[in-house]
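Number of protein chains: 2
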Amino acid sequence: MNSLQQPRHSFKQQMHHAREEAIVAAASRLLGEKGFEAMTVDEVAAAVGIAKASLYKHFAGKDDLCAAAMVHVVERVQRFIAAQPAGLPAMERLRALLRWTIEMQLSDDMPILLSRNSGLAGPLKECEAYQASLQQISAQILGWIGEAQQAGQISPALPPDVVLCALLARSADPLLTMLRDRGTYSDAQILDWAMETCLNGLAARAPQAAAPGAA
Amino acid sequence: MNSLQQPRHSFKQQMHHAREEAIVAAASRLLGEKGFEAMTVDEVAAAVGIAKASLYKHFAGKDDLCAAAMVHVVERVQRFIAAQPAGLPAMERLRALLRWTIEMQLSDDMPILLSRNSGLAGPLKECEAYQASLQQISAQILGWIGEAQQAGQISPALPPDVVLCALLARSADPLLTMLRDRGTYSDAQILDWAMETCLNGLAARAPQAAAPGAA
DNA sequence: GTCTATACAGAGATAGAC
DNA sequence: GTCTATCTCTGTATAGAC
Chain A
1 MNSLQQPRHS FKQQMHHARE EAIVAAASRL LGEKGFEAMT VDEVAAAVGI
51 AKASLYKHFA GKDDLCAAAM VHVVERVQRF IAAQPAGLPA MERLRALLRW
101 TIEMQLSDDM PILLSRNSGL AGPLKECEAY QASLQQISAQ ILGWIGEAQQ
151 AGQISPALPP DVVLCALLAR SADPLLTMLR DRGTYSDAQI LDWAMETCLN
201 GLAARAPQAA APGAA
Chain B
1001 MNSLQQPRHS FKQQMHHARE EAIVAAASRL LGEKGFEAMT VDEVAAAVGI
1051 AKASLYKHFA GKDDLCAAAM VHVVERVQRF IAAQPAGLPA MERLRALLRW
1101 TIEMQLSDDM PILLSRNSGL AGPLKECEAY QASLQQISAQ ILGWIGEAQQ
1151 AGQISPALPP DVVLCALLAR SADPLLTMLR DRGTYSDAQI LDWAMETCLN
1201 GLAARAPQAA APGAA
């Protein structure tokens, strides 16, 4: 009997987990699409296809739900980082990460961070799981930034955490939606320009005096 | 009697206009501080010191009120542009405008445009006064951008309207609040870095001819 | 035009049956 | 754990006296 009960129990757990995943995924999408204030719990429940009351069995409230969604997003970043090829130079890693976050944004997916003035900022400050994950990826990225600075690819005049913020901020850059709403450019073009203007802005200044051994 | 009635009438008009200005100013501040969704009409009325119902005598609704606030902001930009010294080179004008918008943002004032996903975007699309003013300053700034490109100060590879968006987007850049919340840097430093990374990103690429085997 | 008081709608959250 | 039905609060908007 145990041989039957065990899988049964595991199955229920899996269902439970899968449903929570579905809820978080829907919340994540709506959060990215409409923002924290405009998103409603009813919409999330409807998107998943469950009743709102059922959702509240999984999450204590809207804040909790959205915090879980943000954790979910950061964990995706963690996986992306972990999936990077081993030998890649730091600058290429940064470039790939930037491209990926902008692509997320252009495909209406969840941005890594919130647009400014989000009411979610407060609750998120007290979510330890989020803070821990964010801290983890920040440390990782800061390491790459240091390497890129030593390699002369990023201006050493900029503090590493400023570079970090500048990169992450591109994932919620109003520039992307502005250009998109204009309707005259393709997503690929927008992506290129966004990356180009961002990276050029962080790059070490050009060798103005034809610096001898530079670059 | 006319000599008395005329001033009396004008006085009332002035009062009316002044009150509307006060309402718009308060709305503008709260809109910049909390965003469209989080801001409430009650707060605006309380800030001005009038009853909510009185406010509704001046503006048809929240959308109207916020649209008026946005028009107010764009008109400030118009005045700033008009106040620029005559002989200033185009690039200096762009730099001054960028600095000004970032300073607005750092002093918790109203950004020129909304953070992405604002519910105000829809109503604003149908506000002719806003669109007209925005169009006017856009044309002006686009002129400067063209000059700066011809002068080799901004990359000619970037379409002028992309440059325009990139500049305006800095007024709602999450980078600013991120660095600010970090608490380790002064507003002056943040301003410098924000301008530097933005302008470097738009600048024409370094004279590669000077470096024969460059990159 | 300004006020007080109120209607109305939407959304977060909960009760209780199954 | 999931559902339907409901509570409650907040926020937009309005009615009606002055």
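Chains as they are written, first to last, in this note's numbering: chain A, 1 to 215; chain B, 1001 to 1215. We put the CB at the ideal spot given by N, CA and C, even for glycine.
Requested in this report: Anything in chain A within Cβ reach of L961/B, meaning under 7 angstroms, just list it in chain order.
Outcome: Residue 961/B falls outside the range modelled here, since chain B spans only 1001 to 1215, and no answer is possible.
Report task. Can you grab the Cα-Cα spacing for the pair A129/A / S10/A, in whole Å? Result -> Working through the first sequence from its first residue, we reach residue 129/A at position 129. Working through the first sequence from its first residue, we reach residue 10/A at position 10. Cα-Cα distance, rounded: 25 angstroms.
Query raised in the report: In chain order, what residues of the stretch 111 to 145 of chain A put their CB closer than 7 angstroms to some CB of chain B?
Result: L113, S115, R116, N117, G119
Report task. From the DSSP output, in three-state form, read off N200/A for me. Result -> Stepping through the first sequence from its first residue, residue 200/A is reached at position 200. Reduced to three states, the DSSP call for N200/A is helix.
Query - Chain-order list of residues whose beta-carbon lies under 8 angstroms from that of G201/A (same chain, five-residue window excluded) - result: On the first sequence, residue 201/A is found 201 positions in, with the first residue counted as 1. Within the same chain, G201/A has close Cβ partners A166.
Query - Residues in the stretch 1012 to 1039 of chain B having any Cβ partner in chain A nearer than 9 angstroms - result: G1032, E1033, K1034, G1035, F1036, E1037, A1038
Query raised in the report: Between which two residues does the alpha helix (DSSP H) carrying F1036/B extend?
Result: As a working mapping, residue 1036/B is identified with position 36 in the second sequence. Element bounds for F1036/B: n/a, residue is neither H nor E.
Report task. Could I get the ranges of all uninterrupted alpha helix (DSSP H) runs contained in the stretch 1135 to 1183 of chain B, with 4 residues as the minimum, in chain order? Result -> 1160 to 1169, 1174 to 1182
Query raised in the report: Exposed or buried, what is E37/A when buried is set at 16 or more other beta-carbons lying within 10 Å of its beta-carbon?
Result: Walking along the first sequence from the start, residue 37/A turns up at place 37. Answer is buried; the Cβ neighbour count reaches 16.
Query raised in the report: If we count the other Cβ atoms within 10 Å of its Cβ and call it buried at 16 or more, is T1197/B buried or exposed?
Result: The residue labelled residue 1197/B in the question sits at position 197 within the second sequence. Buried.
Query raised in the report: When DSSP labels each residue in this structure, what does P217/A get in the three-state scheme?
Result: A question about residue 217/A goes unanswered here, because the residues of chain A that appear run from 1 up to 215.
**Report entry** the stretch 1144 to 1152 of chain B contacting the stretch 1067 to 1078 of chain B, beta-carbon criterion three pairs below 8 angstroms
**Finding:** no
Query - Distance, P156/A Cα to L1031/B Cα - result: To locate residue 1031/B, count along the second sequence from 1; it is residue 31. To locate residue 156/A, count along the first sequence from 1; it is residue 156. Approximately 37 angstroms between the Cα atoms of the pair.
**Report entry** Inter-residue spacing [alpha-carbon to alpha-carbon] between P1159/B and G183/A
**Finding:** Counting from one through the second sequence, the residue named residue 1159/B turns up at place 159. Counting from one through the first sequence, the residue named residue 183/A turns up at place 183. So the alpha carbons of these two residues sit roughly 14 angstroms apart.
Requested in this report: Show which residues of chain A have a CB atom less than 7 angstroms away from the CB atom of C1165/B.
Outcome: Here the question's residue 1165/B lines up with position 165 in the second sequence. Those within 7 angstroms of C1165/B in chain A are L175, M178, L179.
Requested in this report: Specify the secondary structure class of P1089/B as computed by DSSP and reduced to three states.
Outcome: The sequence position of residue 1089/B within the second sequence is 89, counting from 1. Coil at P1089/B, not helix or strand.
Query raised in the report: First and last residue of the alpha helix (DSSP H) that includes Y56/A?
Result: The residue labelled residue 56/A in the question sits at position 56 within the first sequence. Residues 52 to 58.
Requested in this report: Compute the distance between the beta-carbons of Y185/A and L176/A, then report whether it is under 8 angstroms.
Outcome: Along the first sequence, one-based indexing puts residue 185/A at 185. Along the first sequence, one-based indexing puts residue 176/A at 176. No. Outside cutoff.
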